[in-house]
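**Q**
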Amino acid sequence: MLSLYIALLLPLSAALIAVPAHAQVPKSESGAIVPAVPRANEAPVALLVDLSNGQVLHARNPDRRFIPASVTKVMTLYLAFELIEVGKLDPAQVFTMTPAIARDWRRKGSTMFLDINEQVRVDDLLIGIANVSGNDGAVVLATGQAGSIAAWTAEMNRTALALGMTGSHFGTPNGWPDEGRTFTTANDLVTLARAIIARHPDKFGYYIGRMGFDYKGIAQINHDPMIGRIAGADGIKTGFTNESGFSYLGTAQRNGQRLVLVLAGVENGRLRGRLARSYIEWGFSAFERR
Numbered sequence: 004m005l006s007l008y009i010a011l012l013l014p015l016s017a018a019l020i021a022v023p024a025h026a027q028v029p030k031s032e033s034g035a036i037v038p039a040v041p042r043a044n045e046a047p048v049a050l051l052v053d054l055s056n057g058q059v060l061h062a063r064n065p066d067r068r069f070i071p072a073s074v075t076k077v078m079t080l081y082l083a084f085e086l087i088e089v090g091k092l093d094p095a096q097v098f099t100m101t102p103a104i105a106r107d108w109r110r111k112g113s114t115m116f117l118d119i120n121e122q123v124r125v126d127d128l129l130i131g132i133a134n135v136s137g138n139d140g141a142v143v144l145a146t147g148q149a150g151s152i153a154a155w156t157a158e159m160n161r162t163a164l165a166l167g168m169t170g171s172h173f174g175t176p177n178g179w180p181d182e183g184r185t186f187t188t189a190n191d192l193v194t195l196a197r198a199i200i201a202r203h204p205d206k207f208g209y210y211i212g213r214m215g216f217d218y219k220g221i222a223q224i225n226h227d228p229m230i231g232r233i234a235g236a237d238g239i240k241t242g243f244t245n246e247s248g249f250s251y252l253g254t255a256q257r258n259g260q261r262l263v264l265v266l267a268g269v270e271n272g273r274l275r276g277r278l279a280r281s282y283i284e285w286g287f288s289a290f291e292r293r
């Protein structure tokens, strides 16, 4: 069980926690005072959960639907991991950037820089999707495995419902704007994070959370705001479109305690990064496991 030992917090009417009178100021590993929970206008949707015991450390609009943008790719990764597990997909398989895919997706947004008729291994597609948010890679994977984007997203939705993600719907494999047909909730993304970590720990550790990806001599960095900056951070996925704003699904683990964070509707990328790091440090520092 968690006991809270902090005294300086903003009012948390939406949080499912209480602050005892004898609480102490939370401190980070360096001894610095951890920032209080961000204001609602900074993070209109925010959810911080301790996966170790299911405790909700902070919740703000956890069931509000929002557009996840590239965080959608986490469902594509999860579905791919499930298919690998049952032998329906092999990391050594090769799929093709067909002319039809290239016409619609070559160099469109975040990219793996796949060329027309280029053949690429599933292994590289998964790394590219997870770490440099390759829109082209997600479509090549989806069409290569399922035959069409429609067939792949139908399977994404069946898988989401099986996980209990009743507030979500996916219309694309990569989160590209689709007039709001793709949406999710913070609670659903925590459910997805829990599933991908628990069911596929080896694949999660191998494919997700790299500092970047060098493919075909093109080096790209992972823009996750926690990797390399927060102790124990694995990251997961950032998202942004003009219609969605900046979103994030991330995780970090210290001393056997794993936290998962969801942010959505953040105004800009720099603020998203600051909020993500503040929330995670607050979560690790403000609570004591019993």
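Heads up: the sequence shown begins at 4 in the numbering used here, then just goes up one per residue.
Here a beta-carbon is modelled for each residue, glycine too, at the ideal position from N, C-alpha and C.
For residue 167, count neighbouring C-beta atoms within 10 Å of its own C-beta (all shown protein chains included) and say buried if the count is 16 or more, exposed if not.
**A** Counting from 1 along the sequence shown, the entry for residue 167 is found at position 164. Residue 167 should be labelled exposed.
**Q** Among residues of its own chain, excluding the 5 on either side of residue 153, which ones have a beta-carbon nearer than 6 Å to its beta-carbon?
**A** Within the sequence shown, residue 153 is the residue found at index 150, counting from 1. Result list for residue 153: empty, nothing under 6 Å.
**Q** Suppose you measure from the CA of residue 125 to the CA of residue 132; what does that come to, to the nearest Å?
**A** For the purposes of this step, residue 125 is taken as residue 122 along the sequence shown, with counting starting at 1. For the purposes of this step, residue 132 is taken as residue 129 along the sequence shown, with counting starting at 1. Looking at the two C-alpha atoms, the distance is approximately 10 Å.
**Q** Nearest to residue 163 by alpha carbon, out of 187, 72 and 144?
**A** Residue mapping note: residue 163 aligns to position 160 of the sequence shown, counting from 1. Checking every option, the nearest Cα to that of residue 163 belongs to 187.
**Q** Return the CA-CA distance between residue 67 and residue 99, expressed in angstroms with no decimal places.
**A** Position 64 of the sequence shown, counting from 1, holds the residue named residue 67. Position 96 of the sequence shown, counting from 1, holds the residue named residue 99. Near 38 Å, if we compare the C-alpha coordinates of residue 99 and residue 67.
**Q** Tell whether a beta-carbon distance below 8 Å holds between residue 345 and residue 48.
**A** Because the chain is modelled from 4 through 293, residue 345 falls outside the range shown and cannot be assessed.
**Q** What do you reckon, are the CB atoms on residue 114 and residue 138 nearer than 8 Å?
**A** Residue mapping note: residue 114 aligns to position 111 of the sequence shown, counting from 1. Residue mapping note: residue 138 aligns to position 135 of the sequence shown, counting from 1. Against a cut-off of 8 Å, the Cβ pair of residue 138 and residue 114 comes out as a contact.
**Q** Suppose contacts are defined by Cβ-Cβ distances below 8 Å. Is residue 178 in contact with residue 169 by that definition?
**A** As a working mapping, residue 178 is identified with position 175 in the sequence shown. As a working mapping, residue 169 is identified with position 166 in the sequence shown. No, the Cβ-Cβ distance between residue 178 and residue 169 is not below 8 Å.
**Q** Where does residue 207 fall in DSSP's three states?
**A** Looking up residue 207 in the sequence shown gives position 204. It is helical.
**Q** Hey, how far is the Cα of residue 220 from the Cα of residue 143?
**A** If you number the sequence shown from 1, residue 220 lands on position 217. If you number the sequence shown from 1, residue 143 lands on position 140. Whole-angstrom Cα-Cα distance: 20 Å.
**Q** For residue 255, count neighbouring Cβ atoms within 10 angstroms of its own Cβ and tell me buried if that reaches 16, exposed if not.
**A** What you label residue 255 is simply residue 252 of the sequence shown in a count that begins at 1. Buried.
**Q** What did DSSP end up calling residue 184 once you bin it into helix, strand or coil?
**A** Residue numbering aside, residue 184 sits at position 181 when the sequence shown is read from its first letter. Correct three-state label for residue 184: coil.
**Q** The alpha helix (DSSP H) spanning residue 127 covers which residue range?
**A** Residue mapping note: residue 127 aligns to position 124 of the sequence shown, counting from 1. Run containing residue 127: 125–135, per the alpha helix (DSSP H) assignment.
**Q** With a Cβ-Cβ cutoff of 8 Å, do residue 262 and residue 250 count as a contact?
**A** Taking the sequence shown and counting its residues from 1, the one referred to as residue 262 is at position 259. Taking the sequence shown and counting its residues from 1, the one referred to as residue 250 is at position 247. Not a contact, by the Cβ cut-off of 8 Å.
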